[in-house]
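Student:
There are 2 protein chains.
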Amino acid sequence: MDRLDIRIVDILQRRGDLTHAELAEAVGSTPSTCLRRVRSLQKAGILTRNVFLADGAKLGRGLRAIITVTTKDYDLARRAAFAKSVGAEPAISYAYGVTGDLDAILIGNFRDMVEYQATCDRLFDGDKNITRYTTHFISETYKDDPAIPCDPALSGG
Amino acid sequence: MDRLDIRIVDILQRRGDLTHAELAEAVGSTPSTCLRRVRSLQKAGILTRNVFLADGAKLGRGLRAIITVTTKDYDLARRAAFAKSVGAEPAISYAYGVTGDLDAILIGNFRDMVEYQATCDRLFDGDKNITRYTTHFISETYKDDPAIPCDPALSGG
DNA sequence: CAGAGTTTTGGCAGAATATTGCAAGGGCCC
DNA sequence: GGGCCCTTGCAATATTCTGCCAAAACTCTG
Numbered sequence: 001m002d003r004l005d006i007r008i009v010d011i012l013q014r015r016g017d018l019t020h021a022e023l024a025e026a027v028g029s030t031p032s033t034c035l036r037r038v039r040s041l042q043k044a045g046i047l048t049r050n051v052f053l054a055d056g057a058k059l060g061r062g063l064r065a066i067i068t069v070t071t072k073d074y075d076l077a078r079r080a081a082f083a084k085s086v087g088a089e090p091a092i093s094y095a096y097g098v099t100g101d102l103d104a105i106l107i108g109n110f111r112d113m114v115e116y117q118a119t120c121d122r123l124f125d126g127d128k129n130i131t132r133y134t135t136h137f138i139s140e141t142y143k144d145d146p147a148i149p150c151d152p153a154l155s156g157g
Numbered sequence: 001m002d003r004l005d006i007r008i009v010d011i012l013q014r015r016g017d018l019t020h021a022e023l024a025e026a027v028g029s030t031p032s033t034c035l036r037r038v039r040s041l042q043k044a045g046i047l048t049r050n051v052f053l054a055d056g057a058k059l060g061r062g063l064r065a066i067i068t069v070t071t072k073d074y075d076l077a078r079r080a081a082f083a084k085s086v087g088a089e090p091a092i093s094y095a096y097g098v099t100g101d102l103d104a105i106l107i108g109n110f111r112d113m114v115e116y117q118a119t120c121d122r123l124f125d126g127d128k129n130i131t132r133y134t135t136h137f138i139s140e141t142y143k144d145d146p147a148i149p150c151d152p153a154l155s156g157g
């Protein structure tokens, strides 16, 4: 993970469809070196996968919501079960267990309120362990980019 | 946006580095048709861009946090200013204005608590309009995938 | 239901790109 | 300083991309 790797990761997180020649020019190297670096970064699990990002609104899923969840008991078995049921919900893109006065936070892309409520019902209704869920609908997007900054400080690692 | 487009978007959101031949086989079509469909989906803004996803922990940014923010006045000008300052913070990946008893929710990838606090100080300290910010650190990931499900219902659009 | 016009499709060939082997250069440890 | 190992860059080869054309499918009209 030297300075060249950092530049490569930094660029590929923003533009994943560059040719190796373009990438080489952008980072100041050669195509074959870039190819080898990218493959080694993938093998190391630093670059996990290449994806296309899509416009949720144009796919008919413009209703985004952040759902916070509190539970009564949040032990290992219950968390595993929750992870499984969340995984089965295609409308949920992100789901995390968190510290603080909440237990889990979910982010979903819904077609409409009907689908939102149906999803919540499937996830939470009937589960006596869920104390409460609160939904914040996204009304404005200030920033939306999965890129993680590449810190020059880790050149040594 | 017919059934073929939906299959293409569905697959490319998961694997963006397929060759057109592989994509063609996966969706039951031919490479040249896939090329044209992908281009037209990009031009239509349905597929927005192609990126590599990276492992935050391996980039030295394993500390993920969801920060909720409440403000006193959240008018248009203040929201624009907030969007700008959030945009200047590389550690913040997502930032949204939301409905409910919160005004904004941020998600960031931090190197450590020091960087977390420094970022919060830059964003919130000195801004008398920020009533409160509360942080939930992500302790467990149940699901983490930017893919938006492609609903067959929109075949007609 | 037939026919013309329009759009989309599938395959091909040339061009561009990705990939690999090999020799040379540079860094590191002894 | 010498030997070893990793990385680099070039050139050759394999793969993939892409513009083009005829054919098929679809749409609209009479």
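As given, the protein sequences belong to chains A and B, one line each in that order. Under the UniProt record's numbering, read the first sequence as residues 1 to 157, first letter to last. Under the UniProt record's numbering, read the second sequence as residues 1 to 157, first letter to last. In this text, a Cβ means the ideal position worked out from N, Cα and C, and glycines have one as well.
#1: Of the choices B:82, B:144 and B:33, whose alpha-carbon is the least far from that of residue 97 of chain B?
#2: Which residues of chain B have a Cβ atom closer than 8 Å to the Cβ of residue 92 of chain A, listed in chain order?
#3: What's the C-alpha gap between residue 87 of chain B and residue 144 of chain A?
#4: Provide the residue span of the beta strand (DSSP E) that contains residue 144 of chain A, from first to last.
#5: Among the residues of its own chain, which have a CB less than 8 Å from the CB of residue 60 of chain A, if the five just before and after it don't count?
#6: Between residue 103 of chain A and residue 126 of chain B, what straight-line distance do the alpha-carbon atoms span, to the nearest angstrom?
#7: Quick one: is residue 129 of chain A near chain B, going by C-beta distance under 8 Å?
#8: Where does residue 100 of chain B sit, in a helix, a strand or coil, going by DSSP?
#9: By a C-beta neighbour count over all protein chains shown, 10 Å radius and 16 as the cutoff for buried, is residue 21 of chain B buried or exposed?
#10: For a test of the three-state rule: what should DSSP assign to residue 30 of chain A, helix, strand or coil?
#11: What distance in whole Å lies between the Cβ atoms of residue 146 of chain A and residue 139 of chain B, which are believed to be in contact at a cut-off of 8 Å?
#12: Work out the CA separation of residue 69 of chain B and residue 48 of chain A for me, nearest whole Å.
#13: Give the straight-line distance between the Cα atoms of residue 121 of chain B and residue 75 of chain B, rounded to the nearest whole angstrom.
#14: Based on the DSSP secondary-structure assignment, which residues constitute the bridge partners of residue 69 of chain B?
#15: Return the chain-ordered list of same chain residues with a C-beta closer than 6 Å to the C-beta of residue 105 of chain A, the five sequence neighbours on each side being excluded.
#16: Does residue 13 of chain A pass the burial test, meaning 16 or more other C-beta atoms within 10 Å, or should it be called exposed?
#17: Fully enclosed by the UniProt domain "HTH asnC-type" (1-62) of chain A, which alpha helix (DSSP H) runs are 4 residues long or longer?
#18: Excluding the 5 residues preceding and the 5 following residue 16 of chain B in the sequence, name in chain order all residues of the same chain whose CB lies nearer than 7 Å to its CB.
#19: For the alpha helix (DSSP H) containing residue 79 of chain A, name the first residue and the last one.
#20: I'd like the span of the alpha helix (DSSP H) that includes residue 122 of chain A, first residue to last.
#21: At a CB distance below 7 Å, what residues from the region 46-63 of chain A approach chain B? Give them in sequence order.
#22: Hey, how far is the Cα of residue 134 of chain B from the Cα of residue 66 of chain A?
#23: Look at residue 129 of chain B and residue 73 of chain B and say whether their C-beta atoms are less than 8 Å apart.
#24: Taking buried to mean at least 16 other C-beta atoms within 10 Å of its own C-beta, is residue 37 of chain B buried or exposed?
#25: So with CB distances below 9 Å, who are the chain A contacts of residue 139 of chain B?
#26: Below 8 Å on the Cβ atoms is my guess for residue 209 of chain A versus residue 41 of chain A; work out the distance and round it to an integer in Å.
#27: Roughly how many whole angstroms lie between the Cα atoms of residue 117 of chain B and residue 56 of chain B?
#28: Just verifying my parser: in three-state terms, what is the DSSP assignment at residue 147 of chain A?
#29: Please name the residue in B:52, B:136 and B:7 whose C-alpha comes closest to that of residue 27 of chain B.
#30: Show which residues of chain A have a CB atom less than 8 Å away from the CB atom of residue 151 of chain B.
Tutor: Looking at the coordinates:
#1: B:82
#2: Chain B residues near residue 92 of chain A: 143.
#3: Distance between the alpha carbons of residue 87 of chain B and residue 144 of chain A: 9 Å.
#4: 130-144
#5: 111
#6: 30 Å
#7: Residue-level contact check: residue 129 of chain A does not touch chain B, since none of the beta carbons of chain B fall below 8 Å from its beta carbon.
#8: coil
#9: exposed
#10: coil
#11: About 20 Å separates the CB atoms of residue 139 of chain B and residue 146 of chain A; that is not less than 8 Å, and the two are not in contact.
#12: 31 Å
#13: 22 Å
#14: B:104 and B:133
#15: 68, 96 and 98
#16: buried
#17: Counting only runs of at least 4 residues, the UniProt domain "HTH asnC-type" (1-62) of chain A fully encloses the following alpha helix (DSSP H) elements, listed from N- to C-terminal order: 3-12, 20-27 and 31-43.
#18: 50
#19: DSSP places residue 79 of chain A inside the alpha helix (DSSP H), whose first and last residues are 76-87.
#20: Residue 122 of chain A -> alpha helix (DSSP H) spans 113-124.
#21: 46, 47, 48, 49, 50, 51, 52, 53, 54, 55, 56, 58, 59, 60 and 61
#22: 15 Å
#23: yes
#24: buried
#25: 96, 97, 98 and 99
#26: Since the first and last residues shown for chain A are 1 and 157, residue 209 of chain A lies out of range.
#27: 18 Å
#28: coil
#29: Looking from the CA of residue 27 of chain B, the closest CA among B:52, B:136 and B:7 belongs to B:7.
#30: 59, 60, 61 and 111
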